[in-house]
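J.: Starting off with a structure, shown below.
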Amino acid sequence: MSDASSEATARHPTRLGGRSAAAVWIPVGIVVLIVALLAALFAFGLGRNPTVVQPVDLGKMAPGFQLARLDGTGTVSLGSMRGQVVVLNFWASWCADCIVENKALQAVFDRYRDQGVQFVGVSFEDQSGTARGFAKQMGMHWPLASDPGTTTAIDYGVTGVPETFVISPDGHIVAKTIGPVTYPELSEQIANAIPGGA
Amino acid sequence: MSGEGRGAAGTAAAAVVGVALVAAAAAILVIAARGAPAPTTLQERVRAVAVGLRCPVCQDLSVADSPAPLAQAMRAKIATELQAGTPPSAIRQQFVHAYGSWILMAPPRHGLSLVVWILPLALALAGCALAVVAISRWTRDRPGAARPEAAPAENLPGRPDAPDELSSSDRRLLERAVAASGAWEDPE
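So the protein lines, in turn, are chains F and D.
Counting from 1, position 184 in the first sequence corresponds to residue 184 in our numbering; the numbering is continuous, with no gaps.
Counting from 1, position 130 in the second sequence corresponds to residue 328 in our numbering; the numbering is continuous, with no gaps.
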């Protein structure tokens, strides 16, 4: 570039190659805006944990069920426990976390068994014989049922075990725990579900 | 070719590209709208529902494609519901009721998820418009093409052999530069 043209360009900084600055910067601004919006959306998505699934069934009516007991002594149904707080626990003999939570579950059962709180354990993707042996070994003294076809677990939106639901006396799901329960957590959930507290 | 002729050619080229892009988009839309043939057997009907549901214990696999026991149980439940006469949409809704909209492989067409559906279409349309405008400009502003608004060469003081493809703004810049540097030094 000659000195003359350099000088001329320097005198007219708002023009680039004969095009007005607005003609250049407006499209650039639009592209930058679009990229910024996409980046913000991407950052928003990255900020969320995709492994966390919000429980969608809280406050909804608990799906009804009538399942055969594992010990073969009849059936257990949700309808027959209407008017009582129900703790519905999905478990399996192959589930390590079910062993972890067993002690807390036992302690909560012992605390609330005489206060009209019903416990039901539903085996998940397990064989009846294996599940019975596990329950005996773990000392699970509440009603245990098998779930052929995993239909009840699917109705409750179960994605794995253990998962524990607390159902209010009027049949609504008021608490859901994904993973092993703890004594204080489950106790509080039950206390909140009992009319008038406990 | 005159400036007007080149301008008309550029407009025609842009129009051809625009028509081609619209035709391609229409063909894609027709193919997408036609979709897959309607399922007939129970297995096909189960798959048609299951392919739209996410396997809860898998990484990015549908219930139709997953070998996991829970996915198998879900397929069995879908089959039972279909045999009972439940419409596919109602079956999907049952799963959404239990698991939330997360269970659907395709994001729902409302709320923030709507962006996922609209954005690609909007970007495609914007891209087509940009291509038409850009091609129109490139063909019109090609080097050597005369500009109707360009001043005659002999109007440039002291430089009758100056190229005539300068725009009026460039010509003004050049004139100022020439004036600032004094008279042209004729190479001869």
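Glycine included, each C-beta is placed from N, C-alpha and C at the ideal position.
Since we're looking at a predicted model, the values are computed, not measured.
1) Can you name the residues of chain D whose CB is closer than 9 Å to the CB of glutamate 125(F)?
2) What's the C-alpha gap between valine 376(D) and valine 214(D)?
3) Taking a cut of 9 Å between CB atoms, which residues from the segment 307-319 of chain D lie near chain C?
4) Rounded to the nearest angstrom, what separates alanine 282(D) and arginine 113(F) at their Cα positions?
5) Compare the C-beta of tyrosine 156(F) with all C-beta atoms of chain D and state if any pair is closer than 8 Å.
6) Starting from the beta carbon of alanine 288(D), find every residue of chain F whose beta carbon is closer than 9 Å, and list them in chain order.
7) Which bits of chain D does leucine 70(F) rub up against, with CB to CB less than 7 Å?
8) Closer than 8 Å, Cβ to any Cβ of chain F: which residues of the segment 227-257 of chain D, in chain order?
9) With DSSP collapsed to three states, give me the class of valine 32(F).
10) For chain F, find out if any of its Cβ atoms is closer than 8 Å to the Cβ of alanine 225(D); answer yes or no.
11) Start and end of the alpha helix (DSSP H) containing glycine 121(F)?
12) For the putative contact between leucine 310(D) and glycine 250(D), defined by C-beta atoms under 8 Å, what is the C-beta separation to the nearest angstrom?
13) Determine the DSSP secondary structure at glutamine 189(F), reduced to helix, strand or coil.
14) Considering Cα atoms alone, identify which of Gly171(F), Ile34(F), Gly179(F), Pro180(F) is closest to alanine 193(F).
15) Just to confirm before moving on: does the CB-CB distance between isoleucine 173(F) and leucine 58(F) stay below 8 Å?
16) Interface residues of chain D around threonine 75(F) at Cβ under 9 Å?
17) Any contact between the segment 217-236 of chain D and the segment 322-333 of chain D? By contact I mean 3 or more CB pairs, one from each, below 8 Å.
18) Could you name the residues that DSSP lists as bridge partners for isoleucine 167(F)?
19) Would you kindly report the start and end of the unbroken beta strand (DSSP E) that includes alanine 203(F)?
20) For the beta strand (DSSP E) containing threonine 75(F), list its first residue and its last residue.
21) Examine chain F for any beta-carbon lying closer than 8 Å to the beta-carbon of alanine 322(D), and answer yes or no.
22) Using a Cβ cut-off of 8 Å (strictly closer), state whether alanine 212(D) contacts chain F.
23) What residues of chain D sit near proline 159(F), judged by a beta carbon separation below 8 Å?
24) Cutting at 7 Å between CB atoms, please list the residues of its own chain near phenylalanine 65(F), excluding the five before and the five after it.
25) Less than 8 Å separating the beta-carbons of isoleucine 167(F) and valine 85(F)?
26) By Cβ distance below 8 Å, which residues in the same chain neighbour alanine 131(F) in space, the five residues on each side in sequence not counted?
T.: In this structure, then:
1) Along the first sequence, one-based indexing puts residue 125(F) at 125. What glutamate 125(F) touches in chain D: Pro267, Leu268, Ala271.
2) Translated into the one-based positions of the second sequence, residue 376(D) becomes position 178. Translated into the one-based positions of the second sequence, residue 214(D) becomes position 16. Each residue's Cα considered, the two are about 43 Å apart.
3) Looking for chain C here will not work: the only protein chains present are F and D.
4) Reading the second sequence from its first residue, position 84 is the one you call residue 282(D). Reading the first sequence from its first residue, position 113 is the one you call residue 113(F). Rounded to whole angstroms, alanine 282(D) to arginine 113(F) spans 40 Å at the Cα level.
5) Your numbering for residue 156(F) matches position 156 in the first sequence. Output row for tyrosine 156(F): interface = yes.
6) In the second sequence, counting from the first residue as 1, residue 288(D) sits at position 90. The premise fails here: alanine 288(D) is roughly 14 Å from chain F at the closest Cβ pair, so nothing lies under 9 Å.
7) On the first sequence, position 70 is the one that residue 70(F) refers to. Ordered by position in chain D, no residue passes the 7 Å Cβ test against leucine 70(F), which lies about 18 Å from the chain.
8) Answer set for the segment 227-257 of chain D: Pro254, Val255.
9) Position 32 of the first sequence, counted from the first residue, corresponds to residue 32(F). DSSP, read as helix, strand or coil, puts valine 32(F) in helix.
10) Taking the first residue of the second sequence as position 1, residue 225(D) is located at position 27. No, because no Cβ of chain F sits closer than 8 Å to the Cβ of alanine 225(D).
11) As a first step, residue 121(F) is located in the first sequence; it is residue number 121 there, counting from the start. Where glycine 121(F) is concerned, there is no enclosing alpha helix (DSSP H), although the beta strand (DSSP E) it sits in stretches over 117-123.
12) Position 112 of the second sequence, counting from 1, holds the residue named residue 310(D). Position 52 of the second sequence, counting from 1, holds the residue named residue 250(D). About 20 Å; that fails the 8 Å criterion.
13) Counting from 1 along the first sequence, the entry for residue 189(F) is found at position 189. Of the three classes helix, strand and coil, the one that applies to glutamine 189(F) here is helix, per DSSP.
14) For the purposes of this step, residue 193(F) is identified with residue 193 of the first sequence, where counting begins at 1. Put simply, of Gly171(F), Ile34(F), Gly179(F), Pro180(F) the residue whose alpha carbon is nearest the alpha carbon of alanine 193(F) is Gly171(F).
15) In the first sequence, the residue the question calls residue 173(F) occupies position 173. In the first sequence, the residue the question calls residue 58(F) occupies position 58. Contact: yes.
16) Taking the first sequence and counting its residues from 1, the one referred to as residue 75(F) is at position 75. From the beta-carbon of threonine 75(F), no residue of chain D is found nearer than 9 Å; the closest lies around 20 Å away.
17) Short answer: they touch.
18) Here residue 167(F) refers to the residue found at position 167 when the first sequence is read from its first residue. Paired residue(s): Val86(F), Ile173(F).
19) Any answer about residue 203(F) is impossible in this case: the structure gives chain F only from 1 up to 198.
20) Start at 1 with the first residue of the first sequence, and residue 75(F) comes out as number 75. Unbroken beta strand (DSSP E) run through threonine 75(F): 75-77.
21) As a working mapping, residue 322(D) is identified with position 124 in the second sequence. Taking Cβ atoms only, chain F never reaches closer than 8 Å to alanine 322(D), which makes this a no.
22) Taking the first residue of the second sequence as 1, we reach residue 212(D) at position 14. Output row for alanine 212(D): interface = no.
23) By 1-based counting over the first sequence, the position of residue 159(F) is 159. A small fix is needed here, since residue 159(F) is threonine in this sequence, not proline. Contacts between threonine 159(F) and chain D, judged by CB atoms closer than 8 Å, involve Pro254, Val255, Leu268, Tyr297 in chain order.
24) By one-based count along the first sequence, residue 65(F) stands at place 65. Exclusion of the five residues before and after phenylalanine 65(F) leaves Ser77, Leu78, Thr152 as the residues of its chain whose Cβ lies within less than 7 Å of its Cβ.
25) As a first step, residue 167(F) must be located in the first sequence, where it is residue number 167. As a first step, residue 85(F) must be located in the first sequence, where it is residue number 85. Result yes, Cβ atoms of isoleucine 167(F) and valine 85(F) sit closer than 8 Å.
26) Taking the first sequence and counting its residues from 1, one reaches residue 131(F) at position 131. Only residues of its own chain outside the window of five on either side were considered, and among them Leu70, Ala92, Ser93, Ser123, Leu144, Ser146 have a CB closer than 8 Å to the CB of alanine 131(F), listed in chain order.
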